[in-house]
Amino acid sequence: MAWMATVPAFAGLIPAAIGLVTRFNELIARFFEPIRDLSAKYAVMQGAMAASERIFQLLDTDELDGAVGDGDATKPDWDQPVPRKPDRSESAGPAVELAGVHFSYGAEPVLRGVDLRVPRGATIAVVGATGSGKSTVIKLLTRLYERDRGAIRIDGIDVRDIPLAALRRRVTVVSQDVILFAGTLEDNLTLGVPYTRDQIEAAVRRVGLDRALARRGAGIEAAVAERGANFSAGERQLVAFARALLRDPEILVLDEATAHVDPEAEELIERGVAELMKGRTTLVIAHRLSTIRNADLIIVLKKGQVIEQGKHDELVARGGDYAALERTFRRQTTSE
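See below:
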């Protein structure tokens, strides 16, 4: 009876109590909001500090030995263009040679005594499973990495004795990851080098990029979004080919794209590759059967070692690792 008597007395306080609890919860949430915001900002600051550390490490990096050359009069004048020699005979000597090359990432060996000779004007395809060391060969040739042991020579000269700027003028790498910048297509093709308009348009025509631009109703003044987001994968590859053609390198290193493109773009890319390789010493990290078949020599890498080499038909007939890779490539091509 006493309880029933008190209910009416407290009934009027219940709405007030609910409002008080609601306000209390809201104030608690606002109290902790700056703390949560500070925690988020702390994470951003930590990321920025890590990034700045890497930037300052890069800025503090010493210039590589041989980056400016040693002025040895007995060596070629690397700043002068040297005519490409179509002679593929062994007597002329290889344009590119790797002799007993070893390389490791820390304690993990990647290349183990690789020997490779690329005659002048020849096309050499390097194939192998992921992680076999194919891309590492490119990085060592252009001195993005330094080998542990062995020798890498261009026209008989060790790459360490060639000024870096000259080395990278003579060796052009066309990567499957094409980097485009916000601006015009012309800017992305020239990269600051004062080529004439005729030179640019000739390169665009030779690789078939003009056909892709015609579909857009644009020319070399076409706008390019950051990273080429407004260009298809095939169009970005053609831009990379035109870039390389403008540089007119003696040695071409082609890391073929694996991205799936439509049949028309695939045809343009194959024509562009053929035009780009014409008359040049070419080292191809091969993904396309057409390039592999037409190569003068195929090198098969496995766990950092050359395990097979020869022409396409010879290697298929042996039934070894290359034959297995060829069947895999064929299945992938059929499924696409």
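Residue numbering for the sequence shown is 1 to 336, as defined by our numbering.
Even for Gly, the Cβ is constructed at its ideal location relative to N, Cα and C.
Residues of the same chain with a CB within less than 7 Å of the CB of ILE28, apart from the 5 flanking positions on each side, do not exist. Here VAL239 carries a helix assignment [DSSP, helix/strand/coil].
In the three-state scheme derived from DSSP, where H, G and I count as helix and E and B as strand, TYR145 is classed as coil.
Distance between GLY128 and ILE299, taken at the CA atoms: about 8 Å.
By alpha-carbon distance to ARG330, the top candidate from GLY272, HIS102 and ARG293 is ARG293. By the C-beta density criterion, ASN188 is buried, having at least 16 other C-beta atoms within 10 angstroms. Counting along the chain, ILE200 sits inside the alpha helix (DSSP H) bounded by residues 197 to 206. When secondary structure is reduced to three states using DSSP, ALA218 falls in the coil class, being assigned neither helix nor strand.
Cβ neighbours of ASP255 within its own chain (closer than 6 Å, five residues either side excluded): SER175, GLN176 and ILE285.
Around the CB of MET49, fewer than 16 other CB atoms lie within 10 Å, so the residue is classed as exposed. DSSP places ASP62 in the coil class of the three-state scheme, outside both helix and strand. Bounds of any alpha helix (DSSP H) do not take in VAL159, whose DSSP letter is neither H nor E.
Around the beta carbon of LYS134, 16 or more other beta carbons sit within 10 angstroms, so the residue counts as buried. Take ARG211, set aside five residues on each side of it, and the residues of its chain with a beta-carbon closer than 8 Å to its own are LEU268, in chain order. Contact annotation: the segment 309 to 322 does not touch the segment 233 to 250, with fewer than three C-beta pairs closer than 8 Å. TYR105 and GLU201 have their alpha carbons spaced roughly 42 Å apart. The continuous beta strand (DSSP E) containing ALA125 extends over residues 123 to 128. Between THR172 and VAL253, the CB-CB gap stays under 9 Å. Residue burial is scored here from C-beta neighbours: LEU325 has at least 16 other C-beta atoms within 10 angstroms and is therefore classed as buried. Per the coordinates, the alpha-carbon of LEU38 lies some 43 Å from the alpha-carbon of THR136. Take the alpha-carbon of PHE24 and the one of ARG36: they are about 18 Å apart.
Under the three-state reduction of DSSP output, LEU180 falls in the coil class, being neither helix nor strand. Contact between LEU276 and PHE241 holds, since their C-beta atoms are separated by about 5 Å, short of 8 Å.
Contact between ARG170 and PHE103 does not hold, since the beta-carbon distance rounds to 22 Å and is not under 8 Å. Secondary structure note for VAL284: its beta strand (DSSP E) is the uninterrupted segment 281 to 285. Residue range 251 to 255 is occupied by the beta strand (DSSP E) that includes LEU254. For ASP187, the enclosing alpha helix (DSSP H) stretches over residues 185 to 190. Of all alpha-carbon atoms in ALA107, GLU221 and LEU98, the one lying nearest the alpha-carbon of LEU141 is that of LEU98. DSSP, reduced to helix, strand and coil, places SER52 within a helical segment of the structure shown. Where VAL316 is concerned, the enclosing alpha helix (DSSP H) starts and stops at 312 to 318. Contact between VAL239 and LEU209 holds: CB atoms are separated by about 7 Å, below the 8 Å threshold.
When the beta-carbon positions are compared, THR184 and ALA223 come within less than 9 Å of each other. Out of ALA225, LYS278 and GLN305, the CA that lies nearest to the CA of GLY121 is found in LYS278. Distance between GLY113 and GLY150, taken at the CA atoms: about 7 Å.
Secondary structure note for ARG117: its beta strand (DSSP E) is the uninterrupted segment 108 to 119.
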